[in-house]
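Colleague: My structure is below; once you've seen it, I'll send some questions.
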Amino acid sequence: MGTEGENLHIVFFPLMAPSHMLPMVDIAKLAAARGVRSTVLTTPANASLVSRTIELANSSLPIPIGLHLISFTPTSGLPSCCENLASFDSDDARVKMFGALYKLSGPFDDALCDLRPDCVVSDSFMPWTYDITVAHGIPRVVFLGSNFFSMCAMHAVQQHKDYEKASPDATAAIVIPGLPHRIEIFRSQIMDLTMAPPEFREILLQASAVDRKSFGEVVNSFYELEAEYYEYYTKEMGKRAWHVGPVSLCNRDPAAMRARGAAENDGRCLRWLDEQRKPCSVLYVCFGSLSIISDEQLRELAKGLEAADHPFILVVRKSGDEWMPEGFEDRVKEKGLVVRGWAPQIEILAHRATAGFMTHCGWNSSLEGICAGLPMLTWPMFAEQFYNERFLVDVLKVGVAVGSKEHVVSHEKRNEVIGAADVEAAVRKFMAEGKEADERRRRAMELGEMARMAMEEGGSSYNDMGKLLQDLKELRTGKVVAGQH
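Have a look at this one:
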């Protein structure tokens, strides 16, 4: 490992959500392995999500990662047990959580006084951190948790605004202009900020403004995966960025993988997979930690999986059975496993029995599927996920679309329900054998190998992490100017 980070101290301040916390802690591990003094900043209620993975990493790191806790004030309005977006099952509650984040300004300011870091890596969804870092004379690096393709696509859509001419229910796709590939998307799949709660819309607008003024952006991706879009982002859009992923690959042993989440379902899932006699036969179905899916949609999904008659693991956030068709678990017990809560996703994806991944196209999940060398069955719902679907299907050619058409900012306002027959048809097409499926699998395995090579010493992401640390050192000595990119 290199030592480019010697004498640097970086504070990592992630948004309180598993999909934002885990990759940022992984980046902290990568930095610490290069000699950086890394400190993860979070609240007491969120410490348990990352303390175990940090503890395991520290056993082999040259400089241990620190965990610095700051607390919400009593006036934040949040219950003490609910300081993470994944704790809430309604959009209103999540919007209140975003509003409460501003109440961390004072504790964050105090933490910077105590820690005196050389850099802060903070989440794009916490734009208020920018002014505080400026007041301390500390450069801010942005982490969004997305990829270059989706950021370029969103930029092109907003620049040209062709989508505004189409009605929301238009049946013709829109071509996104100016991108290296021909990308088509439906009007209904594009985020409509006018439908967002005003508080959330304001956060997104503030984030866009201050991210441009920050020192740059650290991206969980690798050059070989989206080289043309890295070039577009840095040259056409004029942004400074470093690709340092796939960061989940820093967790090389099973203990480190399991430490990234609750462990109650570890043994059950993996034992079930071990019992599958046929390799590459199981479809893993998971929609992430933040998706809110109606009982009606889960019921149709379950019926479709049962009718498709392929082995599957279905992970659901809900603990109850209200959504489940009567007798479902008994009927599918020989071929299907229902997991409530958290599942050891990285290990499931890497298992010899797993054939593919039905995913909501969140970037962490998409990238973990790529790392595992698996094709994906895409079912986007919100955020940048419809762009990620197009990247997987049209650019990488490792995806098959289920047919989701409705982007929502508010989950409760979703009208679309994909029926059991459509789910069954999509699963059968995806799991079928043939030339097209073989090519998807070959391409997916090729990308998985590229991902591993990018993170090895001398690989593209390894080198770009070194460049980030060198840029921060040069910034400290005045050789690079913050905000000029």
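In the numbering used here, the protein residues as written are 2 to 486.
A virtual CB, placed ideally from N, CA and C, is assigned to each residue, including glycine.
Quick check: the segment 410-428 against the segment 303-314, are at least 3 beta-carbon pairs closer than 8 Å?
Modeller: Judged by Cβ distances under 8 Å, the segment 303-314 makes contact with the segment 410-428, as three or more pairs qualify.
Colleague: Quick one: give me the first and last residue of the beta strand (DSSP E) that residue 185 is part of.
Modeller: Element bounds for residue 185: 184-186.
Colleague: Go ahead and label residue 92 buried or exposed: buried means 16 or more other beta carbons lie within 10 angstroms of its beta carbon, across all protein chains shown.
Modeller: Classification of residue 92: buried, given that the 10 Å Cβ count is 16 or more.
Colleague: Closest to residue 246 by CA distance: which of 478, 445, 364 is it?
Modeller: Closest option to residue 246, Cα to Cα, is 364.
Colleague: Whose CA, out of 98, 42, 62, 74, lies closest to the CA of residue 14?
Modeller: Among 98, 42, 62, 74, the Cα nearest to that of residue 14 belongs to 42.
Colleague: Examine the Cβ distances between the segment 214-222 and the segment 191-205 and report whether three or more of them are shorter than 8 Å.
Modeller: Judged by Cβ distances under 8 Å, the segment 214-222 makes no contact with the segment 191-205, as fewer than three pairs qualify.
Colleague: Confirm, please, whether the CB-CB distance from residue 144 to residue 219 is below 7 Å.
Modeller: For residue 219 and residue 144, yes; Cβs fall inside 7 Å.
Colleague: Distance check for residue 393 and residue 174, CA to CA, integer angstroms please.
Modeller: The alpha-carbon atoms of residue 174 and residue 393 are separated by roughly 17 Å.
Colleague: Look at the alpha carbon of residue 294 and the alpha carbon of residue 412, and state the distance between them as a whole number of angstroms.
Modeller: If you take the alpha carbons of residue 294 and residue 412, they lie about 8 Å apart.
Colleague: Thinking C-beta only, is residue 11 closer than 7 Å to residue 51?
Modeller: No, the Cβ-Cβ distance between residue 51 and residue 11 is not below 7 Å.
Colleague: For residue 243, write down the residues that DSSP places opposite it in a beta bridge.
Modeller: DSSP output for residue 243 lists 219 as bridge partner(s).
Colleague: Can you tell me the Cα-Cα spacing of residue 59 and residue 473, whole angstroms?
Modeller: Residue 59 and residue 473: Cα-Cα distance of roughly 23 Å.
Colleague: Taking all protein chains shown into account, do 16 or more other C-beta atoms lie within 10 angstroms of the C-beta of residue 335, making it buried, or fewer, making it exposed?
Modeller: Flag for residue 335 reads exposed.
Colleague: In this structure, does DSSP put residue 403 in helix, strand or coil?
Modeller: Of the three classes helix, strand and coil, the one that applies to residue 403 here is coil, per DSSP.
Colleague: So, at 8 Å on beta carbons, what are the nonlocal neighbours of residue 271 in its own chain, with the 5 sequence-adjacent residues on each side left out?
Modeller: Excluding sequence neighbours, residue 271 sits near 345, 348, 349, 352.
Colleague: Please go through the same chain and pick out, in chain order, the residues whose beta-carbon is closer than 7 Å to the beta-carbon of residue 158, but skip the five residues on each side of it.
Modeller: Once the five neighbours on either side are set aside, the close Cβ partners of residue 158 are 164, 177, 191.
Colleague: Give the secondary structure of residue 70 by DSSP, where H, G and I count as helix, E and B as strand, and everything else as coil.
Modeller: If DSSP states are grouped into helix, strand and coil, residue 70 belongs with the strands.
Colleague: Taking 8 Å as the cut-off, does the segment 375-383 touch the segment 354-362 (at least 3 CB pairs, one atom from each stretch)?
Modeller: Contact between the segment 354-362 and the segment 375-383 is present, because at least three Cβ pairs lie under 8 Å.
Colleague: Quick check on the burial criterion: 16 or more other C-beta atoms within 10 angstroms. Buried or exposed for residue 269?
Modeller: Looking at its Cβ environment, which holds fewer than 16 other Cβ atoms inside 10 Å, residue 269 is exposed.
Colleague: So residue 54 is in the alpha helix (DSSP H); what residue range does that whole segment cover?
Modeller: 45-59 is the span of the alpha helix (DSSP H), which, as asked, contains residue 54.
Colleague: Between residue 162 and residue 330, what straight-line distance do the alpha-carbon atoms span, to the nearest angstrom?
Modeller: The alpha-carbon atoms of residue 162 and residue 330 are separated by roughly 47 Å.
Colleague: So what does DSSP say about residue 156, is it helix, strand or coil?
Modeller: Of the three classes helix, strand and coil, the one that applies to residue 156 here is helix, per DSSP.
Colleague: Sort out for me which residues DSSP pairs residue 123 with in a bridge.
Modeller: Answer is 14, 143, bridged to residue 123.
Colleague: Would you list the residues sitting across from residue 272 in a DSSP beta bridge?
Modeller: For residue 272, which the question treats as bridged, DSSP gives no partner whatsoever.
Colleague: What does residue 362 pair with, by DSSP beta-bridge criteria?
Modeller: In the DSSP output, where bridge partners are listed per residue, residue 362 has none listed.
Colleague: In or out: residue 54 buried (at least 16 other Cβ within 10 Å) or exposed?
Modeller: Looking at its Cβ environment, which holds 16 or more other Cβ atoms inside 10 Å, residue 54 is buried.
Colleague: Can you check whether the CB of residue 224 is closer than 7 Å to the CB of residue 1?
Modeller: Outside the modelled stretch of the chain, which goes from 2 to 486, sits residue 1, for which no answer is possible.
Colleague: State the beta-bridge partners of residue 313 as determined by DSSP.
Modeller: BP columns for residue 313 point to 284, 337.
Colleague: Do you know how far the Cα of residue 300 is from the Cα of residue 276?
Modeller: Distance between the alpha carbons of residue 276 and residue 300: 26 Å.
Colleague: With 16 as the cutoff for other CB atoms within 10 Å, does residue 298 come out buried or exposed?
Modeller: So residue 298 counts as buried.
Colleague: Only counting the same chain, and skipping five residues up and downstream in sequence, which positions put a Cβ closer than 6 Å to that of residue 460?
Modeller: Cβ within range, chain order: 454.
Colleague: Quick one: give me the first and last residue of the alpha helix (DSSP H) that residue 96 is part of.
Modeller: It spans 92-102 - the alpha helix (DSSP H) in which residue 96 sits, taken as one unbroken run.
Colleague: Cα separation between residue 383 and residue 447?
Modeller: Using only the alpha carbons, I get a separation of about 28 Å.
Colleague: Provide the residue span of the alpha helix (DSSP H) that contains residue 130, from first to last.
Modeller: Unbroken alpha helix (DSSP H) run through residue 130: 130-137.
Colleague: In the DSSP output, what is residue 378 paired with across the bridge?
Modeller: Answer by DSSP bridge pairing, in chain order: 359, 401.
Colleague: Kindly confirm or deny that the segment 274-288 and the segment 393-405 touch, where touching means at least three C-beta pairs closer than 8 Å.
Modeller: Counting Cβ pairs under 8 Å, fewer than three are found: no touch.
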